[in-house]
Amino acid sequence: MSEQLIEGLPDAVALRCLAWVPFYLHPKLELVSRSWQAAIHSTELFRVRQEVGSCEDLLCVSANEPDNLWQLYDPRRDLWITLPVLPSKIKNLSNFGTVFTAGKLFVLGGGSDAVDPQTGDHGTFSTSEVWSYDPVTRQWTPRASMLVPRAMFACCVLGGKIVVAGGLTSCRKSISLAEMYDPNKDVWAPIPDLHLSHNSVCSGIVIGEKMYVLHRGLSTVQVFDNVGRQWTVEDYGWQQGPMTVIKDALYVMSHGVISRQDRESSKVLVSASEFSGRVGFAMAGLGDEIYVIGGVILSEHGTSEIKQISDVDVLTIGDERPTRRQAAPMTRCKGSKELALCQLPFCCFIPARRNWPYASCLFVIVGRPCVTIRSSACAPLGTLISEVRPKRRWKRRQFSGTRII
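At position 265 of the sequence shown (counting the first as 1) the number is 272 in my numbering, and the numbers step up by one without a gap.
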């Protein structure tokens with residue numbers, strides 16, 4: 008940054024001014040001058056953003072359509088930002104893990120069941136490839152591959168390092184292998200295996216300083232203690248369904264309600280019966296809010312027709328009586344999702360996975376349905392859902408038109 012950022016001001020002061028500009032405006036800022044472009048792509052600006060307290064919490068989302076596309080959601084301004092397309096050679100990548108750590112978004116493993124319509128060749132079911140996205144340079148970069156190809160696996164961050172466990176290999180065989188990645192050294196190392204693979208796909212969540220691996224249809228949970236570097240098997244009796252963690256509390260959507268789940272008990276918060284016909288959505292926690300994002304709606308007439316949606320519903324759980332609102336729909340992505348949570352300049356994602364028959368991807372948030380993100384340029388016709396507070400139920404209302412972000 009040789010030329011002055013702002014005439015008459017020291018660059019250190021000018022950087023503090025630029026640090027207050029929202030992240031979504033950065034692409035416009037870099038058009039002002041070469042010095043501003045250099046500043047926007049510098050780690051120094053993001054360090055100053057953290058110093059002055061202008062960091063932003065964002066949701067990272069990828070969905071069934073378009074292919075390999077991710078978007079960021081800014082909850083403060085209720086808008087979506089589209090990232091460059093993930094440059095993986097695997098088309099329709101899904102069932103991957105995703106987390107945010109060391110200031111970068113990571114997309115790990117996964118694969119595709121897609122069949123090439125011209126050649127009839129099947130896609131790669133699982134891969135070991137790893138990609139990272141840097142919000143400073145706004146570029147995807149290949150990273151060291153995992154030791155084992157895997158899809159539909161548990162993926163979390165513990166102590167700044169990425170832990171992956173279980174899942175299915177390229178021959179669709181369940182595995183108990185686990186490994187840990189150091190993002191600063193770009194190195195993978197094996198860690199103790201899971202005690203059981205259960206011949207099943209799995210997902211992971213983090214509560215406190217421990218990672219919990221859950222297998223579909225089973226009440227037993229395998230817990231990894233990062234201090235002792237060992238797994239234990241527990242039976243918490245947690246309900247099955249989309250889940251997310253907020254402030255070390257587990258929230259689960261099951262049997263038409265959202266509940267806060269403790270080790271030995273569960274407290275119902277609000278009805279969620281209106282989501283009974285919506286599958287493959289992501290459920291993510293941010294602050295004191297639960298986000299239900301995207302998914303597909305199955306036909307009510309018994310046909311195979313499904314409708315991919317871009318709706319975003321938000322439930323605030325901080326008050327005595329939960330309230331909900333409709334957020335801006337995804338502008339590019341639609342369908343089943345994978346999510347991650349991030350805070351700029353530093354982020355922290357939650358992994359997701361596919362767990363519904365019609366979902367090609369799920370949000371990458373901890374738990375069963377998570378998100379794999381993708382989107383399209385203007386939100387399609389959608390559905391508003393409003394809460395009837397006395398009965399704590401949500402009412403479905405139709406609306407028409409589009410909302411351009």
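All residues carry an ideal CB built from backbone N, CA and C; glycine is no exception.
- The beta carbons of T131 and G118 sit about 5 Å from each other, so the pair counts as a contact at 8 Å.
- Looking only at S139, R339 and L66, the smallest Cα-Cα distance to I297 is reached by L66.
- About 5 Å separates the CB atoms of Q229 and L201; that is less than 8 Å, so the two are in contact.
- When C-beta atoms of the region 138-158 are compared with those of the region 87-105, three or more pairs fall below 8 Å, so the two segments count as touching.
- Closest in alpha carbon position to C24, among V259, I13, L100 and E186, is I13.
- M337 is a Cβ neighbour of Q78, given a cutoff of 8 Å.
- At the C-beta level, N102 and M159 come within 8 Å of one another.
- Judged by DSSP secondary structure, V208 falls outside any beta strand (DSSP E); it is assigned neither H nor E.
- When the beta-carbon positions are compared, V277 and V264 come within less than 8 Å of each other.
- Excluding five sequence positions before and after S61, the CB atoms of its chain that fall closer than 7 Å to its own CB belong to A26 and W27, given in chain order.
- It is roughly 31 Å from the alpha-carbon of K111 to the alpha-carbon of L203.
- Here the C-alpha atom of Q333 lies approximately 35 Å from the C-alpha atom of T50.
- If you check the CB distance, M290 and P249 come in under 8 Å.
- Here D320 is buried, its C-beta having at least 16 other C-beta atoms within 10 Å.
- For S273, the enclosing beta strand (DSSP E) has its first and last residue at S273 to S278.
- Selection T105, A196, V155 and R54 evaluated against S177 yields V155 as nearest (Cα-Cα).
- At the C-beta level, D64 and G294 come within 8 Å of one another.
- When the five nearest sequence neighbours on each side are left out, no beta carbon in the same chain lies closer than 7 Å to the beta carbon of L32.
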